[in-house]
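Colleague: Just so you know, the sequences run in chain order A and B. Per my numbering, the first sequence runs over residues 49 to 179. Per my numbering, the second sequence runs over residues 49 to 179. Please find one structure pasted underneath; my questions will follow.
2 protein chains.
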Amino acid sequence: MTSARRALLSALVGSDGHLTAEDLAERVRRLQPDVHLSTVYRALDALEALGVVDHVHLGHGRAIYHLADSAHHHLACESCGQVVEVDPSVLAPLARKLSDDYGFSVRTRHFALVGLCSHCADGDSTVERAT
Amino acid sequence: MTSARRALLSALVGSDGHLTAEDLAERVRRLQPDVHLSTVYRALDALEALGVVDHVHLGHGRAIYHLADSAHHHLACESCGQVVEVDPSVLAPLARKLSDDYGFSVRTRHFALVGLCSHCADGDSTVERAT
DNA sequence: CTGCTTGCAAATAGTTTGCACGTTC
DNA sequence: GAACGTGCAAACTATTTGCAAGCAG
Chain A
49 MTSARRALLS
59 ALVGSDGHLT
69 AEDLAERVRR
79 LQPDVHLSTV
89 YRALDALEAL
99 GVVDHVHLGH
109 GRAIYHLADS
119 AHHHLACESC
129 GQVVEVDPSV
139 LAPLARKLSD
149 DYGFSVRTRH
159 FALVGLCSHC
169 ADGDSTVERA
179 T
Chain B
49 MTSARRALLS
59 ALVGSDGHLT
69 AEDLAERVRR
79 LQPDVHLSTV
89 YRALDALEAL
99 GVVDHVHLGH
109 GRAIYHLADS
119 AHHHLACESC
129 GQVVEVDPSV
139 LAPLARKLSD
149 DYGFSVRTRH
159 FALVGLCSHC
169 ADGDSTVERA
179 T
């Protein structure tokens, strides 16, 4: 374990769990200024292989990373970009049904559910789009 | 409406609804050999803005396009790449719960649900990965 | 030492865009 | 012939990789 990885772990621990690789790189650099983005990706890959970290796709392209133990689902608002956490129990009935009816075992956590949050669903989405 | 767009529409109509932009471009070229991939993207954008076409993200990066009227959800197998269609009613209870409990209105169709199909969930995923 | 880790630059995949030209109505 | 559609090349975003050098155990 190197200093770069230690810094990454501390960034992950101190995060709200919704940071992109670039966000993490930025935070890592506060501790270790010369850490390259690709190093962050590689370290994240390693941590993911170890089961310490998971990544979730929020929308078109970008992914967020969080510690694997904080198991929760994500609702991503298409309008304001807000990310809401959802208890795993909410998805359980769906998972069961898909398994029963289709023999399909969903990895529900790997993708966020996109839609509109309570604010933005209210009539106008005057808020800035966050892709 | 140009010949390129007509060819694209016929490709969409004659498809199983799980084609990527590149797949579509290839099919379009059987009718109109010189249609460029970017033209396909632009035409798809236009059709999407008209509400004729929708796209769904299946996994890391690639998206598939289908006619908007064939409303269904997608289960994408991470192991063999197979895409299974699911009736919208299966997702309805979840959508209702998210709306009730979180005030969140999901666009459930925009992302596929990833996981393992019945084949691949069975013990070994000796099948080729299709990312 | 010996190998895993890093920084950098360049490659990749999927998609988008600027521009000058070609088609459609 | 005005407005829109197209081909091409280049830009872009998010991520990955080859390589030579660096640090950890």
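By construction, the Cβ of each residue, glycine as well, lies at the ideal position given by its N, Cα and C atoms.
Any C-beta of chain A sitting closer than 9 Å to the C-beta of B/Thr179?
Modeller: The residue labelled residue 179 of chain B in the question sits at position 131 within the second sequence. Unreliable placement is indicated for B/Thr179, whose pLDDT of 43 sits below 50; no coordinate value is reported for it.
Colleague: Does the beta carbon of B/Leu67 come closer than 9 Å to any beta carbon on chain A?
Modeller: Counting from 1 along the second sequence, the entry for residue 67 of chain B is found at position 19. False, the Cβ-Cβ gap to chain A never drops below 9 Å.
Colleague: Rounded to a whole number of angstroms, what is the C-alpha to C-alpha distance between B/Arg177 and B/Ala73?
Modeller: As a working note, residue 177 of chain B is residue 129 in the second sequence. As a working note, residue 73 of chain B is residue 25 in the second sequence. Annotation note: pLDDT 43 at B/Arg177 (below 50); position unreliable, no value reported.
Colleague: Check the C-beta distance from A/Leu161 over to A/Tyr113 and give it rounded, since I have them as a contact under 8 Å.
Modeller: Here residue 161 of chain A refers to the residue found at position 113 of the first sequence. Here residue 113 of chain A refers to the residue found at position 65 of the first sequence. In fact, because the Cβ distance is near 18 Å, the residues do not count as touching under 8 Å.
Colleague: Verify the contact flag: A/Pro136, CB atom, against every heavy atom of the ligand PLP, threshold strictly below 8 Å.
Modeller: Among the ligands in the structure shown, none appear at all, so the ligand PLP cannot be discussed.
Colleague: So what does DSSP say about A/Cys165, is it helix, strand or coil?
Modeller: On the first sequence, position 117 is the one that residue 165 of chain A refers to. In the structure shown, A/Cys165 sits in coil (DSSP, three-state: anything other than H, G, I, E or B).
Colleague: What residues of chain A sit near B/Tyr150, judged by a beta carbon separation below 9 Å?
Modeller: Start at 1 with the first residue of the second sequence, and residue 150 of chain B comes out as number 102. Near B/Tyr150 (Cβ distances below 9 Å), the residues of chain A are Leu123, Val132, Val134, Val138, Cys165 and Ser166.
Colleague: Within 9 Å of any Cβ in chain A, is that where the Cβ of B/Gly99 sits?
Modeller: Residue mapping note: residue 99 of chain B aligns to position 51 of the second sequence, counting from 1. By this cut-off, B/Gly99 is not an interface position.
Colleague: So the beta strand (DSSP E) A/Glu126 belongs to, where does it begin and stop?
Modeller: Locating residue 126 of chain A in the first sequence gives position 78, counting from the first residue. Per DSSP, A/Glu126 belongs to no beta strand (DSSP E) and is neither H nor E.
Colleague: Could you pull out every residue in the same chain whose Cβ sits closer than 6 Å to the Cβ of B/Leu60, ignoring the five residues on either side in sequence?
Modeller: Position 12 of the second sequence, counting from 1, holds the residue named residue 60 of chain B. Only Leu115 meet the Cβ criterion.
Colleague: So what does DSSP say about A/Asp170, is it helix, strand or coil?
Modeller: Taking the first residue of the first sequence as 1, we reach residue 170 of chain A at position 122. If DSSP states are grouped into helix, strand and coil, A/Asp170 belongs with coil.
Colleague: If you measure from the beta carbon of A/Gly109 to each beta carbon in chain B, is any gap under 9 Å?
Modeller: Within the first sequence, numbered from 1, the residue matching residue 109 of chain A stands at position 61. Yes, because at least one Cβ of chain B sits closer than 9 Å to the Cβ of A/Gly109.
Colleague: For a test of the three-state rule: what should DSSP assign to B/Ala119, helix, strand or coil?
Modeller: For the purposes of this step, residue 119 of chain B is identified with residue 71 of the second sequence, where counting begins at 1. B/Ala119: coil per DSSP, three-state reduction.
Colleague: Measure the C-alpha to C-alpha separation of B/Leu98 and B/Glu133 and round it to an integer number of angstroms.
Modeller: Translated into the one-based positions of the second sequence, residue 98 of chain B becomes position 50. Translated into the one-based positions of the second sequence, residue 133 of chain B becomes position 85. Roughly 24 Å separates the two Cα atoms.
Colleague: Among A/Ser63, A/Gly62 and A/Thr87, which one has its Cα closest to the Cα of A/Arg53?
Modeller: Numbered from its first residue, the first sequence carries residue 53 of chain A at position 5. Per the Cα distances, A/Thr87.
Colleague: Just to confirm the assignment, what range does the beta strand (DSSP E) spanning A/Val134 have?
Modeller: The sequence position of residue 134 of chain A within the first sequence is 86, counting from 1. Unbroken beta strand (DSSP E) run through A/Val134: Val131 to Val134.
Colleague: Could you compute how far the alpha carbon of B/Gly129 sits from the alpha carbon of A/Tyr150?
Modeller: By 1-based counting over the second sequence, the position of residue 129 of chain B is 81. By 1-based counting over the first sequence, the position of residue 150 of chain A is 102. Straight-line Cα distance between these residues: approximately 15 Å.
Colleague: What does the alpha-carbon distance come out to for the pair A/Arg155 and A/Met49?
Modeller: Within the first sequence, residue 155 of chain A is the residue found at index 107, counting from 1. Within the first sequence, residue 49 of chain A is the residue found at index 1, counting from 1. About 30 Å.
Colleague: B/Asp117: buried (16+ other C-beta within 10 angstroms of its C-beta) or exposed?
Modeller: Numbered from 1 along the second sequence, position 69 holds the residue referred to as residue 117 of chain B. That one is exposed.
Colleague: Which residues does DSSP pair with B/Phe159 in a beta bridge?
Modeller: Within the second sequence, the letter at position 111 stands for residue 159 of chain B. Its beta-bridge partners are B/His105.
Colleague: Note down, in chain order, each residue of its chain lying with its Cβ closer than 7 Å to the Cβ of B/Ala143, except the 5 sequence neighbours on either side.
Modeller: If you number the second sequence from 1, residue 143 of chain B lands on position 95. Excluding sequence neighbours, B/Ala143 sits near Val154 and Thr156.
Colleague: Which residue marks the beginning of the alpha helix (DSSP H) containing A/Thr87, and which one marks its end?
Modeller: Here residue 87 of chain A refers to the residue found at position 39 of the first sequence. Looking at the DSSP string, the run of the alpha helix (DSSP H) that includes A/Thr87 is Leu85 to Ala97.
Colleague: Just checking my contact of B/Phe152 with A/Phe159 at CB under 8 Å: how many whole Å lie between their CB atoms?
Modeller: Here residue 152 of chain B is taken as the residue at index 104 of the second sequence, counted from 1. Here residue 159 of chain A is taken as the residue at index 111 of the first sequence, counted from 1. At roughly 15 Å, the Cβ-Cβ gap does not stay under 8 Å, so B/Phe152 and A/Phe159 are not in contact.
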